[in-house]
Amino acid sequence: MADAAEQFDVVIAGGGNAALCAAIAARRAGASVIVLEGAPQFYRGGNTRHTRNMRCAHDTATTTLTGPYTEDEFFDDILKVTEGKTDRALARMMVARSKDMLEWIQAQGVRFQPSLGGTLSLGRTNSFFLGGGRAMLNSLYRTAEALGVVARYDSEVVAIHSADGMFESVTVRTKGSETRVRGHAFVAAAGGFEANIDWLREGWGPPADNFLIRGTPHNKGRVLRMLLDAGMAPVGDPTQCHAVAIDARAPKFDGGIITRLDCVVFGIVVNREARRFYDEGEDVWPKRYAIWGRLVARQPGQIAYIIFDARSLRLFMPSLYPPIQGATIEELAGKLELDGATLRKTVEDFNAAVRPGKFNPDILDDCRTDGIAPPKSHWARAISEAPFYAYPVRPGITFTYLGVRVDAHARIQLTSGEGCANMFAAGEIMAGNVLGHGYAAGIGMTIGSVFGRLAGEGAAAVALGSAGGARVA
41 MADAAEQFDV VIAGGGNAAL CAAIAARRAG ASVIVLEGAP QFYRGGNTRH
91 TRNMRCAHDT ATTTLTGPYT EDEFFDDILK VTEGKTDRAL ARMMVARSKD
141 MLEWIQAQGV RFQPSLGGTL SLGRTNSFFL GGGRAMLNSL YRTAEALGVV
191 ARYDSEVVAI HSADGMFESV TVRTKGSETR VRGHAFVAAA GGFEANIDWL
241 REGWGPPADN FLIRGTPHNK GRVLRMLLDA GMAPVGDPTQ CHAVAIDARA
291 PKFDGGIITR LDCVVFGIVV NREARRFYDE GEDVWPKRYA IWGRLVARQP
341 GQIAYIIFDA RSLRLFMPSL YPPIQGATIE ELAGKLELDG ATLRKTVEDF
391 NAAVRPGKFN PDILDDCRTD GIAPPKSHWA RAISEAPFYA YPVRPGITFT
441 YLGVRVDAHA RIQLTSGEGC ANMFAAGEIM AGNVLGHGYA AGIGMTIGSV
491 FGRLAGEGAA AVALGSAGGA RVA
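In the working numbering, the protein residues as written are 41 to 513.
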């Protein structure tokens, strides 16, 4: 346990990808570094434990990517999914810096596997971690600790002490005991507030009580709240978040990737009134999966049902839980506690609107509907082959977009418009600078990695300018 006199060059709040990238970058620059992780060691790493891949620009195919993904294309994807609600200069900088992140991450011990194909459509754009997010996280911790980074668990930052935008120290609570840790620079990488239902309720109202939290229960947003209360400039909308439709049978917290459902494009989605409410085939799934949580959140009772038939059963990765099955649409409706006649009419109307086309789950095909609202723009096939299946889904919140504003060096900005001299932020706690709305698969890890590295380098430069130090090989 730390004592009151303990001091480091760089103090980092958080223990996930962004925090570890910052810690490694700062330590390699010669700074002494402490990582303060509020979770127990087994649950370290926040939402990084549940991730699978990251999106980076690259000019040519690699051993794990099937083709080029240019900076312009990546930037255009950000503009499209955010509907322009992004800091364009920061987004451009992040995309440019992402080009060497795959090599840098691998140099820290992380390994990649060939990307998955099929409806994920990510073989060209996203690199998948060998062993998933936990393996990636463990590699970063091994490297950080080998370099001399100090990692403390069950160590929650409960107060940040600063004066005129200059960081001085933090108060840390470890197993009921509070101590002071001083530093020459501070990096906030402690995640969003998605696990704080009371805070979610401030923006969403009573519907927030029906949200499921896909990731860690430890992201309560306390560090973010302290920064905002101390006069740091906010960025983003408190109701904007990475929210997907996940299996309604998932646990309240920490269900992770195995409760996500990727079958929306192969069927129809109805609310508890058994009526469709959005185009299920609007675009390829990685560019639309993160809108479905918000769509379901707007429906009565914050619940919906993905309906599909036997032809589609093996076209996607299933949830942890088996689909609900019925020999007829009416039987399926009964198991879902939906009105059978209404669901039958919804399915019949949809089937009648389907126009012939060449079905291809890997591309934006020409299978569509005509004369029905909402339309289905791609992958529209009649739901006609028994047995029939359904997954109940609720909003699954991954992380929130309200955060602190940063500059191109990951330095936190004050409400006055000035930058904090020695306070930086990376990861979910500042993601709203890039993600004002929407999401595309893997961008969260890009934000964490790029801004984590920037924050670590910047924090080390500031700290060593005041404390001295030598570069670590």
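Don't be surprised by glycine CBs; every beta carbon is placed ideally from N, CA and C. Fair warning: this is a prediction, and the values are worked out from it, not measured in the lab.
Query: Buried versus exposed, by CB contacts within 10 Å (16 or more), E234; Result: buried
Query: Inter-stretch contact at 8 Å, needing at least 3 Cβ pairs: the region 274-287 / the region 310-326; Result: no
Query: Residue closest to E377, alpha-carbon to alpha-carbon, out of D405, P432, A420 and I403; Result: P432
Query: Three-way DSSP call (helix, strand, coil) for Q148 in this model; Result: coil
Query: Under the three-state DSSP convention, the category R316 falls into; Result: strand
Query: Nearest candidate by alpha-carbon position, reference G274, set G86, A71 and L454; Result: Rather than Gly, the amino acid found at residue 274 in this sequence is Pro. When each option's Cα is compared against that of P274, the closest is L454.
Query: Euclidean distance between Cα positions of T159 and V324; Result: Here the model assigns T159 a pLDDT of 49, short of 50, so the residue's position is not dependable, and the following value carries that caveat. T159 and V324: Cα-Cα distance of roughly 7 Å.
Query: Close-in-space but distant-in-sequence residues of the same chain around R222 (CB under 6 Å, 5 per side omitted); Result: Q47 and S209
Query: P363 to G436 span [Cα, whole Å]; Result: 18 Å
Query: The region 63-70 touching the region 86-104, judged by at least three CB pairs closer than 8 Å; Result: no
Query: Assigned secondary structure, L383 (DSSP; H/G/I helix, E/B strand, else coil); Result: helix
Query: G488 and A58 closer than 8 Å at C-beta; Result: yes
Query: Through-space distance from A175 to L150, alpha-carbon basis; Result: The sequence given here has Val at residue 150, not Leu. Whole-angstrom Cα-Cα distance: 8 Å.
Query: Identified DSSP bridge partners for D7; Result: As shown, the chain starts at 41 and ends at 513. That puts residue 7 outside it, with no answer to give.
Query: DSSP state of G243 mapped onto helix, strand, coil; Result: helix
Query: Pair within 8 Å by beta-carbon distance, C281 and F356; Result: no
Query: Local conformation of G55 per DSSP, three classes; Result: coil
Query: Residue closest to L119, alpha-carbon to alpha-carbon, out of L475, E425 and I346; Result: L475
Query: Reference A136, options L383, S195, D116 and L60, closest by Cα; Result: D116
Query: Minimum Cβ-Cβ distance from D349 to chain B less than 8 Å; Result: Of the chains in the structure shown, none is chain B; there is only one protein chain.
Query: Cβ-Cβ distance between D406 and K398 below 8 Å; Result: yes
Query: Residue range of the alpha helix (DSSP H) that includes A330; Result: It is not in any alpha helix (DSSP H) - A330 carries neither H nor E in the DSSP assignment.
Query: Straight-line Cα distance separating Y479 from E123; Result: 10 Å
Query: Validate contact between the region 223-230 and the region 465-474 using beta carbons, cut 8 Å, 3 pairs; Result: yes
Query: Identified DSSP bridge partners for S167; Result: M94
Query: Residues bridged to M463 (per DSSP); Result: F226
Query: Euclidean distance between Cα positions of S167 and L180; Result: 16 Å
Query: Beta-carbon spacing of A450, G482 below 8 Å; Result: no
Query: Check whether D277 and Y429 have beta carbons under 8 Å apart; Result: no
Query: Proximity below 8 Å, CB of I369 to CB of F390; Result: no
Query: Closest by C-alpha distance to A184, when choosing among G496, V502 and R95; Result: G496
Query: Three-state secondary structure assigned by DSSP to C61; Result: helix
Query: Proximity winner among I308, L267, G341 and Q153, relative to A516 (alpha-carbon distances); Result: The structure shown does not extend to residue 516, since the chain is modelled only from 41 through 513, so no value can be given for it.
Query: Secondary structure of E196, DSSP reduced to three states; Result: strand
Query: Of the residues G255, A500, T299 and H477, the one placed nearest D127, counting alpha carbons only; Result: H477
Query: Spatially closest choice to A248 from A330, P340 and N311, by CA coordinates; Result: P340
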